[in-house]
Every structure is written in C-alpha cells, then in structure tokens.
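Here the structure is laid out as structure tokens; the discussion comes afterwards.
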Amino acid sequence: MKIASLLAAAALVSLSSAGVAAAAPDPAQDLFLARLNALCGQRFEGRVVTTDAADATFASERLIMHVRDCSADEVRIPFAVGEDRSRTWVVTKTQTGLRLKHDHRHEDGTTDVLHWYGGDTAGAGTAERQEFPVDAESIALFNANDAAVSTTNVWAMEVHPDRMFAYELRRPSRHFRVEFDLTKPIAD
Numbered sequence: 322m323k324i325a326s327l328l329a330a331a332a333l334v335s336l337s338s339a340g341v342a343a344a345a346p347d348p349a350q351d352l353f354l355a356r357l358n359a360l361c362g363q364r365f366e367g368r369v370v371t372t373d374a375a376d377a378t379f380a381s382e383r384l385i386m387h388v389r390d391c392s393a394d395e396v397r398i399p400f401a402v403g404e405d406r407s408r409t410w411v412v413t414k415t416q417t418g419l420r421l422k423h424d425h426r427h428e429d430g431t432t433d434v435l436h437w438y439g440g441d442t443a444g445a446g447t448a449e450r451q452e453f454p455v456d457a458e459s460i461a462l463f464n465a466n467d468a469a470v471s472t473t474n475v476w477a478m479e480v481h482p483d484r485m486f487a488y489e490l491r492r493p494s495r496h497f498r499v500e501f502d503l504t505k506p507i508a509d
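Going by the working numbering, the residue at position 42 of the sequence shown is 363; the numbering climbs one at a time, nothing skipped.
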C-alpha cells in the first residue's frame with residue numbers, strides 16, 4: 322500500500338514539474354455531465370419550490386428547460402420563463418471540474434450587460450449535485466453593474482435520473498430553487 326501511495330505521489334510530482342495540471346474532473350462530475358447528456362433533446366416543465374417573495378414573478382410563469390446542444394464536454398440548457406427566452410445555462414467540463422455559465426441575451430440576440438457569469442466547481446460534488454461558487458470574473462462583472470448583491474452567489478444543479486432536475490441559487494439573503502419533473506417530458 323505504501324509503495325502504491327509513493328508511486329502516485331511521484332506521478333503527481335512528475336506531472337507538476339512537466340507543467341501539466343495534476344487535477345482532473347472527478348468521476349462524479351463526469352457522471353453528472355453524462356446524466357445531463359442523457360436528457361438531451363428533451364424539454365421539461367418546472368416550478369419554483371422556494372417561497373421568497375422575490376420569486377413571485379417566476380412562480381406565476383410557465384417554466385421550461387430544454388436540454389440541447391449536448392457533447393461530452395458541454396451541455397446547453399435554455400431556460401424559458403413564460404415568453405422570456407433570454408436565459409441559457411451552459412455546463413462545461415474543464416481540466417479541473419465543471420463550470421456553469423449563464424448566457425443572457427436580449428430578444429434580438431444581443432448579449433445582456435449581465436452575461437456569461439457563473440463559476441467553477443470547488444469540490445467533487447456528487448453524481449446527483451454540483452455546486453458552482455461565483456468566480457472572480459463574475460464578481461467583477463456584478464460590481465461593475467450595480468449587482469454587488471450577487472458577489473456571494475453559489476449556484477447548484479441536481480440531476481436525479483427519471484425523477485427530477487433542479488436549478489438553485491443561494492447567497493446569504495436569498496434562496497431560489499426551481500425543480501423540473503423528468504418523468505413528464507413535454508412536446509412544446
């Protein structure tokens with residue numbers, strides 16, 4: 322056992338000295354991304370399950386997610402709130418884990434001032450749940466655009482096959498969560 326540990330440590334030192342990143346996505350993250358890919362091409366209806374008054378507008382609209390544009394390294398999930406189709410969640414595999422970015426656009430396709438924000442996983446998570454703390458680029462974007470309240474955001478996604486998908490936002494004064502029923506794909 323000690324020999325195996327020493328060999329593993331030597332391999333890491335060798336990779337580090339060669340300038341190659343030793344960290345890699347965890348198998349749980351690979352499985353998480355594979356579970357998203359398994360939903361590719363399908364749409365699901367969701368509902369807000371948190372009770373914050375700030376969520377009243379979302380809670381009163383039809384919420385649809387459409388898993389599409391899928392590959393082994395990236396999944397794009399447009400999220401419609403009623404007729405508003407300005408949001409797309411983008412989950413990408415990186416050298417060290419997973420990244421979630423929010424692609425926000427206006428109706429004409431131009432990018433919103435708050436566009437491409439999100440974060441990278443800080444830990445392995447599980448095959449069912451991944452958390453994405455806000456990254457430095459997003460903090461700068463929020464501070465530059467009067468959205469400093471978002472500088473402590475942690476987003477999460479959950480995939481429970483054949484049951485439920487969830488998108489979540491947390492910060493000290495806010496908790497927002499939408500759950501989608503995976504047992505009932507929708508046609509429109």
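Glycine residues also receive a C-beta, built at the ideal position from the N, C-alpha and C atoms. For clarity, every value in this text was computed on a predicted model and none was experimentally measured.
As a beta-bridge residue in DSSP terms, D502 pairs with M485. In the three-state DSSP reduction, R383 falls in the coil class, being neither helix nor strand. Excluding the 5 residues flanking it on each side, C391 has same chain C-beta neighbours closer than 6 Å at N358, C361, in chain order.
Taken in chain order, the complete alpha helix (DSSP H) segments of 4 or more residues contained in the segment 341 to 426 are 348 to 359, 377 to 380. According to the DSSP secondary-structure assignment, P454 is paired through a beta bridge with V475. In the DSSP secondary-structure assignment, H496 is bridged to R491. For M386, the closest of F365, T415, P506 by C-alpha to C-alpha distance is F365. Per the C-alpha coordinates, the member of A477, L435, A445 positioned closest to E458 is L435. Setting aside the 5 residues that flank it on each side, T504 is surrounded in the same chain by D483, R484, each with a C-beta closer than 8 Å to its C-beta; the list follows chain order. Rounded to the nearest whole angstrom, the C-alpha separation of A401 and A349 is 28 Å. When the alpha-carbon of Q416 is set against those of E489, E500, D351, the nearest one is in D351. Contact annotation, W437 with F453: C-beta distance approximately 13 Å; criterion of less than 8 Å not satisfied. One alpha carbon belongs to A375, the other to G444, and they sit about 30 Å apart. By the Cβ-count criterion, D405 is exposed, with fewer than 16 other Cβ atoms from all chains shown falling within 10 Å of its own Cβ.
A direct Cα-Cα distance of roughly 5 Å separates R426 from S407. About 17 Å separates the Cβ atoms of G446 and K422, ruling out a contact at the 8 Å cut-off.
Here the alpha carbon of D441 sits roughly 21 Å from the alpha carbon of H481.
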